[in-house]
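**Q** Handing you this structure, nothing more for now.
Number of protein chains: 2
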Amino acid sequence: MTRTIVESRSGAAIIGFDQPFCVIGERINPTGRKALAAELEAGDFSTVERDALEQVACGATMLDVNAGVVYNSNPNPNETEPPLMRAMISLVQGLVDVPLCIDSSVPAALEAGLETAHGRPLVNSVTGEEERLERVLPLVAKYNVPVVAISNDDTGISEDPDVRFAVARKIVQRAADFGIPAHDIVVDPLMMPVGAMATAGLQVFALVRRLREELGVNTTCGASNVSFGLPNRHAINAAFLPMAIAAGMTSAIMNPVRPAEMMAVRAANLLMNNDPHGAAWIRANRAPGAEEAGTGRRREGRRRRG
Amino acid sequence: MTRTIVESRSGAAIIGFDQPFCVIGERINPTGRKALAAELEAGDFSTVERDALEQVACGATMLDVNAGVVYNSNPNPNETEPPLMRAMISLVQGLVDVPLCIDSSVPAALEAGLETAHGRPLVNSVTGEEERLERVLPLVAKYNVPVVAISNDDTGISEDPDVRFAVARKIVQRAADFGIPAHDIVVDPLMMPVGAMATAGLQVFALVRRLREELGVNTTCGASNVSFGLPNRHAINAAFLPMAIAAGMTSAIMNPVRPAEMMAVRAANLLMNNDPHGAAWIRANRAPGAEEAGTGRRREGRRRRG
C-alpha cells in the first residue's frame, strides 16, 4: 500500500489510498494576491499568520508555503525568494504543527525551505522538464523528502492524457535513478478547466486511476482549477473533489477555508471508509455552528506544542 | 452504448452512460408520509399535484408514483392500490409531461399503472425473488417497458456485493427468457446506510462499475439511504451522488427539491462531459435566484402540451 509520509516538528500525516484525503492549504501564496505581495515586500507577515491559523482551524492536513513574490525593489526571485521562504517557513511552523509543502520554481528557495523546515516537508514541485529534473531531484534525494511531480515536460502541457501519463512515468523512473522511491512521489496529472476542455474531468479521473494502478503513486492537483471561468465555482469544486477521491486521488492543493469543499472532502472520506466509525464526520457536524465553520475569520489554530 | 428509453405522452428521456444523470423524483409516495396517506384515503390529491409540479420545476427527469397507502377502511392493498395507482397516474400525467416510474409491490397495481400511463413508463420493480420474477417479468414483456431490478432474492439482501451482482445477473438472464433486453433493465445494487455498514459506499461504487462493464446495464438506487442515521444528510448525499456518477451510475430515485443534491448532480453532469458547452450548468446558475431554486414551494411545472 502506497504511503507518503510527511512530518512537522512533532506530528506526521500519511498520504495514502487508505487514508483520509490530504488537504494541502493553498492560501499562503502571493501569486495573484497583490495585497499579500505588497505586505511581504514590506516585511508584514500578518496575513501569512492569519492564513496559517485559519487553514489549520478549518481542517487543513498540510500547508503550502509559496514565497514567489516579485519585489518592486528587486525583480530577481533568485535573490528574493530564498530568504523570504526561510522567513515564512519559520513563521508558519512557529504557529502551527502541521507538515509543510515547500512551493517554489526557484531551486535555491526550495533548498532554503528544506534547510529551515522541521520534520519531513513535501517539495512542490518537479516537472518532466530536463533542467528541473536535474536541479530538483538531487535536492529531494539529499533531504530524503517526498516531491510533487507535475506531468508536463519541455514540450509543455499536453492535452493528451496518455502523454501526461508518460511524463509522470518518466519522472518516477528518473527519481528512481536518484534513489527516490515511487511512494515519495505525488503526481499532479494537471487539472484543466472543464470550461475550456469538456473532457478535462474524465481525463483526470482516468489518469488518477492509472497512476494509482500502474505506477502505485499518490496523486494531487490544484482542485479549484477545474471550475475556472464558470459560475458557482464552489459547487463544481465540491462535486469534483468526491469524484476525484472516488477515482483514487489522495490529496489536493485547495482552499480549506471554503466550507462547501471541505464538507465534500469529509463526506467523501466517510463514503470511502476512511473515517472510522464516522467519527470525524459526526464531530464536524455535531459541534455547535459546525456547518458554518470556515465562513468567518477564525483566530485559533492547532498551536505547536512544547 | 446502453440506452434505456422512457417516454411520457409527448416527451422522452434516455438513461445512459453518455447522458445527463436521470433524476427520478421520489416524493409521490405515501410510505412514511402519514399526512399524504390520510389525504389519499380521503380522495384529496392536492399534495400529489404540488409534488408533481414542484419536482419537475426543480429538474426531475422522471417522477416515481407509488400508491402504497394502507387504508384504515380497507387494509388489503390488492384491492386499494390498483384504482389509486390509476387515479394518481392520470392526475400526474395530466399536470406534467415527464416519463413516469410506476412503483408498487402489488402486481395488479403495476398493471393498472401500465394500462393508464402514456408513453413508455419504467416499472419499479422486480427483484430476484422467484414469485416476483414470475409475476412482474411477463407484465414488463407484455407492455414492452423497462424495469428496475433490485438485487435481492428469496434469501434476502446479501451484505456480500458478489452475491448482489449474481442476483442482478440472474434477473438479466431471466428477463432475456421473456424477450426483455439488458438495456431495458435498470439495476438497483442496493445502497446500504454507510452509518450501518462502513464499506457500503465502496461496495456500490464497485458494483456499479461491474454492472456497467460486465452486464452492460444502467443502474439506479435510493440515493438518500446512504446517509440514514447520520447528521447533515444532504451533504453526504451531495458527495455520494457525484461519486456514484463517476463510478458509472446513470440514475437515482431521489428528492429533486433539495438544492444541495441537485446542484451536485448538475456539476457531475458537467464534469462527466454530459452537459454540452456547460449550457445546463450556466443556465441553472446564471438565472436570477438560481442558487435558491428548490428551497421554497414553487407552483410552476413543465405543463403538458396539447
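Chains Z and A, in that order, give the protein sequences.
Under numbering that gives the first Met the number 0, the first sequence has 261 at position 262, and the numbering climbs by one with no breaks.
Under numbering that gives the first Met the number 0, the second sequence has 222 at position 223, and the numbering climbs by one with no breaks.
The beta-carbon is built from N, C-alpha and C at its ideal position, and this holds for glycine as well.
#1: Out of curiosity, what's the CA-to-CA distance linking V147 (chain A) and R209 (chain A)?
#2: Per DSSP, what are the beta-bridge partners of G15 (chain A) in this structure?
#3: Check each residue of the stretch 185 to 216 of chain A: if its Cβ is closer than 7 Å to any Cβ of chain C, include it; give the result in chain order.
#4: Mind checking if A245 (chain Z) is an interface residue toward chain A, Cβ cutoff 8 Å exclusive?
#5: Cβ of T219 (chain A) within 8 Å of Cβ of V264 (chain A)?
#6: Would you say M261 (chain Z) faces chain A, with C-beta separation under 8 Å as the test?
#7: Use the C-beta contact count for N254 (chain Z): other C-beta atoms within 10 angstroms, 16 or more gives buried, fewer gives exposed.
#8: Does D17 (chain A) pass the burial test, meaning 16 or more other C-beta atoms within 10 Å, or should it be called exposed?
#9: To test your reading of the DSSP string, which unbroken alpha helix (DSSP H) runs of 4 or more residues are found completely within the stretch 204 to 290 of chain Z?
#10: Between R257 (chain A) and chain Z, is the shortest Cβ-Cβ distance under 8 Å, so that the two count as touching?
#11: Secondary structure at G41 (chain A), three-state DSSP: helix, strand or coil?
#12: Would N73 (chain A) pass as an interface residue toward chain Z - the criterion being a Cβ-Cβ separation below 8 Å?
#13: Let me check one thing: in DSSP terms, what residues is G155 (chain Z) bridge-paired to?
#14: Closest Cβ-Cβ distance between G277 (chain A) and chain Z: below 8 Å?
#15: Strictly below 7 Å CB to CB, what residues from chain Z border P241 (chain A)?
#16: Using a beta-carbon distance cut-off of less than 7 Å, what residues from the stretch 2 to 20 of chain A approach chain Z?
#17: Which residues does DSSP pair with V22 (chain A) in a beta bridge?
#18: Does the Cβ of R296 (chain Z) have 16 or more other Cβ atoms within 10 Å, making it buried, or fewer, making it exposed?
#19: Looking at A238 (chain Z) and P241 (chain A), is the spacing between their C-beta atoms short of 8 Å?
#20: Under a three-way DSSP split, which group does R8 (chain A) fall into?
#21: Would T294 (chain Z) pass as an interface residue toward chain A - the criterion being a Cβ-Cβ separation below 8 Å?
#22: Would you tell me roughly how many angstroms separate the C-alpha atoms of P29 (chain Z) and A66 (chain Z), rounded to the nearest one?
#23: Determine whether the beta carbon atoms of L201 (chain A) and M261 (chain Z) lie at a separation below 8 Å.
#24: According to DSSP, simplified to helix, strand and coil, what is V122 (chain Z)?
#25: Have a look at the DSSP bridge pairing and note the partners of I179 (chain Z).
#26: Does any residue of chain Z bring its CB to less than 8 Å from the CB of M0 (chain A)?
#27: With C-beta atoms as the reference, is D183 (chain A) less than 8 Å away from P137 (chain A)?
#28: Please report the straight-line C-alpha distance between D43 (chain A) and A195 (chain Z), rounded to a whole angstrom.
#29: Buried or exposed, going by whether 16 or more other CB atoms sit within 10 Å of the CB of N217 (chain A)?
#30: Answer with buried or exposed for M84 (chain A), where buried requires no fewer than 16 other C-beta atoms within 10 angstroms of its C-beta.
#31: In angstroms with no decimal places, state the Cα-to-Cα distance between D96 (chain A) and V64 (chain Z).
#32: Does any C-beta atom of chain Z lie closer than 8 Å to the C-beta of A175 (chain A)?
#33: Measure from the alpha carbon of T60 (chain A) to the alpha carbon of each residue in A:E48, A:F164, A:A174 and A:P120, then state which is nearest.
#34: If you pair each beta-carbon of the stretch 32 to 41 of chain A with each one of the stretch 97 to 107 of chain A, do three or more pairs fall below 8 Å?
#35: Go ahead and pull the three-state DSSP assignment for N77 (chain Z).
#36: Could you round the C-beta distance between D152 (chain Z) and V166 (chain Z) to whole angstroms and report it? I think they count as a contact, below 8 Å.
**A** According to the structure data:
#1: 17 Å
#2: A:R2
#3: Protein chains Z and A are contained in the structure displayed, whereas chain C is not.
#4: yes
#5: no
#6: no
#7: buried
#8: exposed
#9: 232 to 246, 258 to 270 and 278 to 285
#10: no
#11: The amino acid at residue 41 (chain A) is misidentified as Gly; the sequence shows Ala. Reduced to three states, the DSSP call for A41 (chain A) is coil.
#12: no
#13: Z:D152
#14: yes
#15: A238, P241 and M242
#16: none
#17: A:A251
#18: With a pLDDT of 39 at R296 (chain Z), under the threshold of 50, the modelled position of that residue is not reliable, and no figure is offered here.
#19: yes
#20: coil
#21: Low per-residue confidence applies at T294 (chain Z): pLDDT is 41, beneath 50, and the placement is therefore not dependable, though the value from the model is reported in the following sentence. Chain A contact via Cβ: absent.
#22: 7 Å
#23: no
#24: strand
#25: According to DSSP, I179 (chain Z) bridges with nothing at all.
#26: no
#27: no
#28: 51 Å
#29: buried
#30: buried
#31: 55 Å
#32: no
#33: A:P120
#34: no
#35: helix
#36: 5 Å
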